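For what it's worth, UniProt numbering labels the leading residue of the sequence shown as 1, then goes sequentially.
All residues carry an ideal CB built from backbone N, CA and C; glycine is no exception.
Remember, it's a predicted structure, so these values are computed and weren't measured experimentally.
Have a look at the structure below before the remarks.
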Amino acid sequence: MLFNHRIIDTFLRENEITVAILDGLDNEGFYIPDKRTIILKSELTKQEQIKVLLHELGHIFNDDRVIGSYNDYFTPRSKMESKANEFMIRELLQDYISTTDTEPHEINCVSFLEREKLPMALEDSVQRIIMTGKLKV
Numbered sequence: 001m002l003f004n005h006r007i008i009d010t011f012l013r014e015n016e017i018t019v020a021i022l023d024g025l026d027n028e029g030f031y032i033p034d035k036r037t038i039i040l041k042s043e044l045t046k047q048e049q050i051k052v053l054l055h056e057l058g059h060i061f062n063d064d065r066v067i068g069s070y071n072d073y074f075t076p077r078s079k080m081e082s083k084a085n086e087f088m089i090r091e092l093l094q095d096y097i098s099t100t101d102t103e104p105h106e107i108n109c110v111s112f113l114e115r116e117k118l119p120m121a122l123e124d125s126v127q128r129i130i131m132t133g134k135l136k137v
């Protein structure tokens, strides 16, 4: 397994998506649909690569459900980024549950964010995902 993550490796292989790691990027990562390629910044740690890949997969899974242009309008871009972050957080929470043997309702959002090195600004998103009851135990 390249990234040793249950969703990432399977999805990349099954959908023939390539991952390229490049120097000197301004962004941590992005997806090029025409090339079926996710580009990652070379300076990222393995943990950061997984978070960025999950975020980019969130775009692949969700962007076509948002009306509007990512590049031309703030509102669709904001919605697309939010959905990509929620996908990433949901997958990280799922891994957290399976590796810590924790029930979803027992998760301390701040501890989870600190462990994953995610910004505290995502605490509401973490709480919302936990409250939906869609996490598998």
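Original post:
When burial is assigned at 16 or more other CB atoms within 10 Å of the CB, is Gln47 buried or exposed?
Top reply: Position 47 of the sequence shown, counted from the start, is the residue given in the question as residue 47. Answer is exposed; the Cβ neighbour count stays below 16.
Subject >> Any chain D beta carbon closer than 7 Å to Thr10 >> reply: This model lacks chain D altogether, as it is built from one protein chain only.
Original post:
Measuring CA to CA, which of Pro119, Gly133 and Ala121 is closest to Ile97?
Top reply: By one-based count along the sequence shown, residue 97 stands at place 97. Measuring from the Cα of Ile97, the nearest candidate turns out to be Gly133.
Subject >> Cutoff 8 Å; reference Arg115; Cβ partners in own chain excluding five residues on either side >> reply: On the sequence shown, residue 115 is found 115 positions in, with the first residue counted as 1. Once the five neighbours on either side are set aside, the close Cβ partners of Arg115 are Tyr96.
Subject >> Boundaries (first-last residue) of the beta strand (DSSP E) holding Gly29 >> reply: What you label residue 29 is simply residue 29 of the sequence shown in a count that begins at 1. Gly29 -> beta strand (DSSP E) spans Gly29 to Ile32.
Original post:
Out of curiosity, what's the CA-to-CA distance linking Met1 and Gly29?
Top reply: Locating residue 1 in the sequence shown gives position 1, where the first residue counts as 1. Locating residue 29 in the sequence shown gives position 29, where the first residue counts as 1. Unreliable positioning characterises Met1 in this predicted model, as indicated by a pLDDT of 45, which lies under 50. The coordinate reading is nonetheless provided below. Approximately 20 Å between the Cα atoms of the pair.
Subject >> Segment contact, 8 Å Cβ cut-off, at least three pairs: the region 81-90 with the region 52-63 >> reply: yes
Subject >> Ile21 to Leu12 span [Cα, whole Å] >> reply: Working through the sequence shown from its first residue, we reach residue 21 at position 21. Working through the sequence shown from its first residue, we reach residue 12 at position 12. Straight-line Cα distance between these residues: approximately 15 Å.
**OP:** Counting only runs of 3+ residues fully inside the region 34-102, write out the beta strand (DSSP E) ranges in chain order.
**Re:** 37-41
Original post:
Exposed or buried, what is Ile39 when buried is set at 16 or more other beta-carbons lying within 10 Å of its beta-carbon?
Top reply: Locating residue 39 in the sequence shown gives position 39, counting from the first residue. Buried: at least 16 other Cβ atoms inside 10 Å.
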